[in-house]
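Below is one structure, written out as structure tokens; the observations come after it.
Residue numbers (the numbering used here): -18 to 229.
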């Protein structure tokens, strides 16, 4: 019976995940992130702190931990990645006040410490690439993956101004589905450069969701080598034991 209950729980979890995936728009683009790419993590930290940290905190990550894991000095972090005046041992918070957040967005933007663990890296990557201009929205922006998102495109200067390509209106509702997105006004980066920038932010958020993953990957290599060596020793020991057995 316990096994049956576990299987039922697992199946229910799959159904919930599938439902959440479908409601988020599906068609996720592969992020291609690599937690072993330190340069990408460093670029992602810089991009996140410059374009995202004004509204979104990372309250489970400390500046000192980020410096240690990403191979940065404390001076580099404090001078280039700390815009709130926090101390090196404090968590990454925002200077945005709840009053201003309610005035501009209707609520306080969420903390993104665990967004990669909740949504997945592919979702973040696709989401950041899916903003388009929409005059019907309060802030003038919409998102193909997450319709009616209550935030503007934080990377519009890098990506440019993206417009939606609409399909035929739905006969029942009159709504026109978004079939594609096209950059009408180029930004500071070309398509390949922008994709890399989004990938860098995504891998940084993946790291922020589980900083221990970096050390676990490095430790995993040594564990595998240890197991290989142990297996070899056990095999040689077996041969030695069975040599005496065969003699008798």
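By construction, the Cβ of each residue, glycine as well, lies at the ideal position given by its N, Cα and C atoms.
Just the Cα atoms here: how many angstroms apart are residue i and residue j?
{"i": "residue 167", "j": "residue 27", "result": "22 Å"}
{"i": "residue 155", "j": "residue 149", "result": "9 Å"}
{"i": "residue 282", "j": "residue 115", "result": "One cannot answer for residue 282 here, as it falls past the ends of the chain, which runs -18 to 229."}
{"i": "residue 215", "j": "residue 50", "result": "36 Å"}
{"i": "residue 193", "j": "residue 223", "result": "43 Å"}
{"i": "residue 36", "j": "residue 136", "result": "13 Å"}
{"i": "residue 104", "j": "residue 10", "result": "8 Å"}
{"i": "residue 157", "j": "residue 119", "result": "19 Å"}
{"i": "residue 61", "j": "residue 48", "result": "11 Å"}
Give the DSSP bridge partners of residue i, in chain order.
{"i": "residue 220", "result": "DSSP output for residue 220 lists no bridge partner at all."}
{"i": "residue 123", "result": "113"}
{"i": "residue 167", "result": "141"}
Hey, out of the options, whose CA is closest to residue i's CA?
{"i": "residue 110", "options": "158, 176, 66", "result": "176"}
{"i": "residue 12", "options": "137, 68, 182, 194", "result": "182"}
{"i": "residue 79", "options": "145, 91, 56", "result": "91"}
{"i": "residue 108", "options": "223, 8, 217, 15", "result": "8"}
{"i": "residue 133", "options": "57, 56, 33", "result": "33"}
{"i": "residue 143", "options": "152, 124, 178, 85", "result": "124"}
{"i": "residue 127", "options": "81, 138, 113", "result": "113"}
{"i": "residue 16", "options": "205, 151, 207, 180", "result": "180"}
Given a cut-off of 8 Å on the beta-carbon distance, is the pair residue i and residue j in contact?
{"i": "residue 97", "j": "residue 190", "result": "yes"}
{"i": "residue 102", "j": "residue 221", "result": "no"}
{"i": "residue 70", "j": "residue 38", "result": "no"}
{"i": "residue 94", "j": "residue 42", "result": "yes"}
{"i": "residue 270", "j": "residue 56", "result": "One cannot answer for residue 270 here, as it falls past the ends of the chain, which runs -18 to 229."}
{"i": "residue 139", "j": "residue 170", "result": "yes"}
Over the uninterrupted alpha helix (DSSP H) stretch that includes residue i, give me the two end residues.
{"i": "residue 87", "result": "Per DSSP, residue 87 belongs to no alpha helix (DSSP H) and is neither H nor E."}
{"i": "residue 177", "result": "172 to 190"}
{"i": "residue 22", "result": "19 to 32"}
{"i": "residue 100", "result": "96 to 100"}
{"i": "residue 46", "result": "44 to 50"}
{"i": "residue 277", "result": "Here the chain comprises residues numbered -18 to 229, so residue 277 is not present and cannot be evaluated."}
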